[in-house]
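Residues 1253 to 2285 in my numbering are what the sequence shown lists, from first letter to last.
Even glycine gets a Cβ: it sits at the ideal position worked out from N, Cα and C.
Treat the numbers as computed from the prediction; the structure is a model and nothing was measured.
The structure appears below as structure tokens.
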Amino acid sequence: MSEPTDVKHGQNKVSVEETWNNIQQNVNEDETKKKENFTGTKDTENIKEPKKEVRSTPTMVFSVVGDSDSFVPKPWPKTVFQTALIEAAKSGGETWILYRGSDEDVSNVVSDAYQQYEDMEFGTKTSGISDPNRHIKLISIAGKKTEYSTMVKRKPTSYETNFGEGDSFLLEFEKFVSKQKVSFFNEKLDIEMSVPIAIIVCEGDIDTITHISEALKNKLPVIIMKGSGKAADLVSDYLDNPSVLRKKANNLFGIQFDDAKYNKLGKLLETISERRELIGVFDLDRGDPFMLSSIVGEAVVSCWSMENILPAESTKSLEKPANGSLENTGMKSLNSNRLRIKGFSLTWKVLRRNSIRPEDEIIEQILKGFKKESKTYVLNPKYSTPTSLPLYFYFGYQLFQESKCFEECGPILLFEALKANRCDYVRVLLSKGVKFNMNNLPELYSQTVACQDCKFKDEDCLHMQWILKQIKEKQASDLCQEHMQLMEEYLNAEDENEKKMCLKKMKGLASPVADAAKHLCCSILRYEEYVLKEEDEKPEDENISNILLWAIFANRKELAEICWLRVENHLLTGLVCSAILKKLSTKANNVKEQILSNDLEEHSKIFEKRCIGIMDSMYNENSQHAIELMDDDAVVWGIRSSPLTFAYENFLYDVVAHDCSQKNMNKQWYNNLAPDLKLFFMMLFFLMLVMYSAIVLTSVSTEYFDLPTAQVFEYYLYIWGAGDFIEELISCFGCLEARGRSHRGYYSRMKRYLYDFWNAVDLLSYILLIAALFVRHFYSDSSFTIARRMFALSLLVMYLRFLEVFLVHRKMGPTLIMIKEMLKDLLKFLFIAVFVVFGIGIYYHANLWPDHRSFWDGNWQNWRVWTILTLPYWQLYGDPNLDSLDGSEPKNCSSDFNTWAADTSVERCSQEDWTVQAVGAIYMLFSNLLLVNLVIAMFSYTFERVQENSEKLWRFERYTVINDYEWRIPSPINLVFLPYRMCCQNRDNCCIHMFKVGFCKKRLRAETMERKTRRAYRRNFQKVMALRNHNKI
1253 MSEPTDVKHG QNKVSVEETW NNIQQNVNED ETKKKENFTG TKDTENIKEP
1303 KKEVRSTPTM VFSVVGDSDS FVPKPWPKTV FQTALIEAAK SGGETWILYR
1353 GSDEDVSNVV SDAYQQYEDM EFGTKTSGIS DPNRHIKLIS IAGKKTEYST
1403 MVKRKPTSYE TNFGEGDSFL LEFEKFVSKQ KVSFFNEKLD IEMSVPIAII
1453 VCEGDIDTIT HISEALKNKL PVIIMKGSGK AADLVSDYLD NPSVLRKKAN
1503 NLFGIQFDDA KYNKLGKLLE TISERRELIG VFDLDRGDPF MLSSIVGEAV
1553 VSCWSMENIL PAESTKSLEK PANGSLENTG MKSLNSNRLR IKGFSLTWKV
1603 LRRNSIRPED EIIEQILKGF KKESKTYVLN PKYSTPTSLP LYFYFGYQLF
1653 QESKCFEECG PILLFEALKA NRCDYVRVLL SKGVKFNMNN LPELYSQTVA
1703 CQDCKFKDED CLHMQWILKQ IKEKQASDLC QEHMQLMEEY LNAEDENEKK
1753 MCLKKMKGLA SPVADAAKHL CCSILRYEEY VLKEEDEKPE DENISNILLW
1803 AIFANRKELA EICWLRVENH LLTGLVCSAI LKKLSTKANN VKEQILSNDL
1853 EEHSKIFEKR CIGIMDSMYN ENSQHAIELM DDDAVVWGIR SSPLTFAYEN
1903 FLYDVVAHDC SQKNMNKQWY NNLAPDLKLF FMMLFFLMLV MYSAIVLTSV
1953 STEYFDLPTA QVFEYYLYIW GAGDFIEELI SCFGCLEARG RSHRGYYSRM
2003 KRYLYDFWNA VDLLSYILLI AALFVRHFYS DSSFTIARRM FALSLLVMYL
2053 RFLEVFLVHR KMGPTLIMIK EMLKDLLKFL FIAVFVVFGI GIYYHANLWP
2103 DHRSFWDGNW QNWRVWTILT LPYWQLYGDP NLDSLDGSEP KNCSSDFNTW
2153 AADTSVERCS QEDWTVQAVG AIYMLFSNLL LVNLVIAMFS YTFERVQENS
2203 EKLWRFERYT VINDYEWRIP SPINLVFLPY RMCCQNRDNC CIHMFKVGFC
2253 KKRLRAETME RKTRRAYRRN FQKVMALRNH NKI
């Protein structure tokens, strides 16, 4: 602390020092006690050392000035200022907010802002000013006990000083604070910098302008809140246009000015204008509240860059000698040192060096400081700049850059930048080749994805960790909770061996956490995890891939983009990211976390758009390689697939409908399949339908079955059905697919198979055919009526199956899609209608045939439930059935209980009830005017939706048909090739492949090298296109 130099203000300086010491004593606790309160244990690192009080110093100070009497009623956006002030204070770390604490407008605004911070941060918990979790502290510099007016609802938790009074005291206190030292990286390090302070000006009068002028003379940064009125607006307007002084002064202050006041005001503003580089302006009307942090940081750095604040004894080695050379100074030892610190950066000039080898000591201590301190506040990357608060990123980067020790210290700074969402520093550090230390991955998940306040198994809360828990509890626990539990054990351990054991376990968590993240990824998308083999290509930088997966789970949009641009296989990786985010969004929506669900869905769409952008660029640049890329298999987080197959399996319609995907399909459809074979496949199926129709029309009974032609048709049908059913099983489980095979689990593949409408129709046709076969041969019936019905129903479904062939047609395909989607709407309508029909039918029956008891007697065709459903069902189509409702039908009936109860075929006479006709009239009004028109409206909406996206939906369905025809062998020819397909399921075991290996080694080797070369080119090709589209490197 410097001695007082001004005798006039000597008393004030004593009061300033007393005020500083008094505030420190009351708003801070010693470091040991702070850790005890936070962790429930004592300081574990220095347990052998005796306790000593370490008085904490703020890492950022805001002094809010501008209290004054207002003669001009000007409203200003106070909420914006309150939000900006608190957000900037959060960014500053341990922040003090100084204010006058009076009943004037500005003090009340600051007080309300801090009260809102308390409500949001602590809720209903009681917390004192010295609470270690209270990182922002409100301090009243009033010089006397503040008397709060009755208009203030609640008194905020603040500290009030009793020393000094007036602007002169506040100015001296601000100057005193700016000369104090703070251990910026860690409180126990001997590396100190000046406390950063910023004076924030709202409203204000002429005294406020005087305060600004004097503060700038002391080289203190000033932030003007433009739009708050009075002095703040006058200063900002004067800086833009000095000629508006006389006009603006009268309008803003609302007081009478004479020449003396104008001259005084003009001199003050001239002084302010001369030091305008120390002033930051925040526009309350147009600025975003998150921008204030950057404006403050820029102003602080600007002030420090223009003054030498080192003490005389610590700056001797930096003084320039008379001859202008640096060779004879201490800089020689700096340049000869292995760290090669030049000493020219702002950070190095503001550090205090007091050892023989200051470079080694400072670098080592700062490295420890970054390791010990945890900065958990997440910044908004949209408004962050290199000088945004907190400034430890700015200082740390400068120091590491100048010392050329990024390889050693860079991973620590990268780790902190990832936690704090400092995308600008992440981009720069990665571009400098800084590698992420995988040992920090568990802590990264525990501090950003895990919930700090809830118990994983005992309590449910709506956050990402809990959503992951619903998917796979064990992997979610390994991902988020294991590190937190080991850290808790470490802090609670009293024995040094126990601590070492905990540290050893924590170091071994990196690989299990990375594996747990991959397991979760595969579980979310329901893929079988693929283990890389020796012949598979290994990823170049797996660390970046792990950071990207963390960014996906933490939902860090910009960090995810930065990491995605640095991985391999950008297209497939982007599609996997999009699919994961979409699944997480659906899961969050299921647990009613709507905001998180919308945010995840938006992030998913961003990745899908990036992938489509890459496909567009590649197709325009080199269409051939862009088309071939869609079939390139790769492994991403244990998921092995190709971009086109993955997009189809996860319903990424825009990707499947893209020209690259469609050209790839055309290549298979037109080039790999001969046109004659396509027609031949269709003719085989149509021939089966003709034979099946002949059987149903003529040969179901025994008399016709004895004919040879009928037997040939029927047995051909059975053989065809067996072969086609085998092909459907292969399609469902993918067990014999030679190319483009899905790597999902059997359950997921079966679920995906049944989701397709046409596959459901296929399955229904097989069920009906098998049922008809059993009824035909094992159920004794002379007329074969049931068998004929089953065969006819199966044939009807077969004809519907044939419609799938027309999906590849550009005109008819969208029409079939519309019919399919409308059937879904019809099922929804029937689900609603069945309850209405049952309710109305029961009302009819209860009043027309009261006390009816035999509901399930006799043949199933005579069950009473059909009578209950018949009347209301046909009324849906407009048939009122008035004869039945008024009791006049049925004619041939019996009212005798014994007669109709004993024989269910005898109709019971109905009773007349006027309420039945009344309810029937209301029901028909409801059903015909509401329900029927509702389903028509649903059909209209579906038609418009499908018509709008008809091309996209048709292309997606077209992929299903083409992929089916690509590997499928028509029945019954497939039965001939089935043994070969089963024996040669693996391409390496195929006899044809073995023949090539044996007799065409050179050709095969050349083809293999050509494929590898083209695949490597396509990987680099998509990387170049990704970097062109997104300049985030």
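Buried versus exposed, by CB contacts within 10 Å (16 or more), T2289: Given that the chain is displayed from residue 1253 to residue 2285, the structure contains no residue 2289 and the question cannot be resolved.
- prompt: From which residue to which residue does the alpha helix (DSSP H) around F2051 run?
  reply: Just to set this straight, residue 2051 is Tyr in the shown sequence, not Phe. Start and end: 2037-2054.
- prompt: Is DSSP giving R2286 helix, strand or coil here?
  reply: For the chain, the structure presents residues 1253 to 2285; residue 2286 sits outside this window and is missing.
task: Starting from Y1351, follow the beta strand (DSSP E) in both directions and report where the run begins and ends.
output: Taken as a continuous stretch (DSSP letters only), the beta strand (DSSP E) holding Y1351 covers 1347-1351.
- request: Could you check the C-alpha separation between A1702 and L1681 for me, to the nearest Å?
  value: L1681 has its alpha-carbon roughly 26 Å from the corresponding atom of A1702.
Secondary structure, alpha helix (DSSP H): runs of 4+ residues fully inside the region 1857-1940: Counting only runs of 4 or more, we get 1875-1881, 1895-1901, 1905-1908, 1911-1918.
- request: Identify whether K1431 lies in helix, strand or coil by the three-state DSSP scheme.
  value: When DSSP states are grouped into helix, strand and coil, K1431 belongs to the coil group.
task: Drop a sphere of 10 angstroms on the beta-carbon of A1512, count the other beta-carbons inside from all chains shown, and report buried for 16 or more, exposed for fewer.
output: When all chains shown are included, A1512 counts as exposed.
- request: Output the distance between the C-alpha atoms of E1741 and C1754, rounded to the nearest integer angstrom.
  value: Straight-line Cα distance between these residues: approximately 7 Å.
- prompt: Out of R2116, L1949, A2044, C1984, which has the shortest C-alpha to C-alpha gap to K2295?
  reply: No answer is possible for residue 2295: it lies beyond the span of the chain, which begins at 1253 and ends at 2285.
message: Please state whether the Cβ-Cβ distance between I1449 and S1420 is less than 8 Å.
response: No, they are not a contact pair.
query: Count the other CB atoms within 10 Å of the CB of Q2127; is the residue buried (16 or more) or exposed (fewer)?
result: Buried: at least 16 other Cβ atoms inside 10 Å.
message: Can you tell me which residues form a DSSP beta bridge with F1314?
response: DSSP output for F1314 lists I1349, A1450 as bridge partner(s).
message: Measuring straight from C-alpha to C-alpha, what distance separates E1810 and V1548?
response: When rounded, the separation of the alpha-carbon atoms in E1810 and V1548 is 23 Å.
- prompt: Relative to the alpha-carbon of V1268, which residue among N1385, E1424, S2147 has its alpha-carbon at the smallest distance?
  reply: With respect to the C-alpha of V1268, the residue from N1385, E1424, S2147 having the closest C-alpha is E1424.
Test item: CB-CB of Y1366 and I1391 under 8 Å: Their beta carbons are not under 8 Å apart, which means Y1366 does not touch I1391 by this criterion.
query: Along the chain, where does the beta strand (DSSP E) that runs through V1533 open and close?
result: Per DSSP, V1533 belongs to the beta strand (DSSP E) from 1531-1535.
query: How long is the line joining the alpha carbons of A1766 and M1477, rounded to whole angstroms?
result: The straight-line gap separating the alpha-carbon atoms of A1766 and M1477 is approximately 47 Å.
- request: Please report the Cβ distance between A1909 and E2203, rounded to the nearest whole angstrom; I am assuming they are in contact, meaning their Cβ atoms lie under 8 Å.
  value: Going by Cβ atoms, the distance from A1909 to E2203 rounds to 7 Å, so yes, they are a contact pair.
- prompt: Any idea if V2117 is buried or exposed, counting beta-carbon neighbours within 10 angstroms, 16 or more meaning buried?
  reply: By the C-beta density criterion, V2117 is exposed, having fewer than 16 other C-beta atoms within 10 angstroms.
task: Closer than 7 Å by C-beta to N2099: which residues in its own chain qualify, once you throw out the five before and the five after it? Chain order, please.
output: Within the same chain, N2099 has close Cβ partners D2165, T2167, V2168.
message: Tell me the DSSP secondary structure of K1656 in three-state form.
response: Correct three-state label for K1656: coil.
task: Taking 8 Å as the threshold, find out whether the region 1883-1900 comes into contact with the region 1775-1793 through three or more Cβ pairs.
output: Yes, they touch.
- prompt: What is the C-beta distance between S2017 and R2053, in whole angstroms, given that I count them as a contact (C-beta under 8 Å)?
  reply: Confirmed, Cβ separation roughly 6 Å.
message: For M1739, report the span of its alpha helix (DSSP H) as first-last.
response: Residue range 1734-1744 is occupied by the alpha helix (DSSP H) that includes M1739.
- prompt: Expressed to the nearest angstrom, what Euclidean distance is found between the alpha-carbon atoms of D2077 and S2223?
  reply: The straight-line gap from Cα to Cα measures roughly 34 Å.
query: Which first and last residues belong to the alpha helix (DSSP H) in which S1525 is found?
result: Where S1525 is concerned, the enclosing alpha helix (DSSP H) stretches over 1511-1526.
Validate contact between the region 1795-1802 and the region 1767-1784 using beta carbons, cut 8 Å, 3 pairs: Between the region 1795-1802 and the region 1767-1784, the count of Cβ pairs shorter than 8 Å is three or higher; the stretches touch.
- prompt: Under a Cβ-count criterion, where at least 16 other Cβ atoms within 10 Å of its own Cβ denotes burial, should R2197 be classed as buried or exposed?
  reply: Around the beta-carbon of R2197, fewer than 16 other beta-carbon atoms lie within 10 Å, marking it exposed.
- request: Determine, using beta-carbon pairs with one atom in the region 1859-1866 and one in the region 1828-1848, whether at least three such pairs fall under 8 Å.
  value: Yes: at least three Cβ pairs fall under 8 Å.
field: The beta strand (DSSP E) enclosing E1412, as first and last residue numbers
entry: Run containing E1412: 1410-1412, per the beta strand (DSSP E) assignment.
Between the CA atoms of I1393 and F1428 - distance to the nearest angstrom: Computed Cα separation, rounded: 14 Å.
query: Secondary structure at R2105, three-state DSSP: helix, strand or coil?
result: Looking at R2105 - three-state DSSP - the assignment turns out to be coil, as it is neither helix nor strand.
query: Quick one, are the C-beta atoms of D1457 and F1505 less than 8 Å apart?
result: In terms of Cβ geometry, D1457 and F1505 form a close pair [threshold 8 Å].
task: Please classify W2112: is it buried, with 16 or more other beta-carbons within 10 angstroms of its beta-carbon, or exposed?
output: By the neighbour-count criterion, in which 16 or more other beta carbons inside 10 Å mark a residue as buried, W2112 falls on the exposed side.
query: What residue range is occupied by the uninterrupted beta strand (DSSP E) comprising K1478?
result: Here the beta strand (DSSP E) through K1478 covers 1474-1478.
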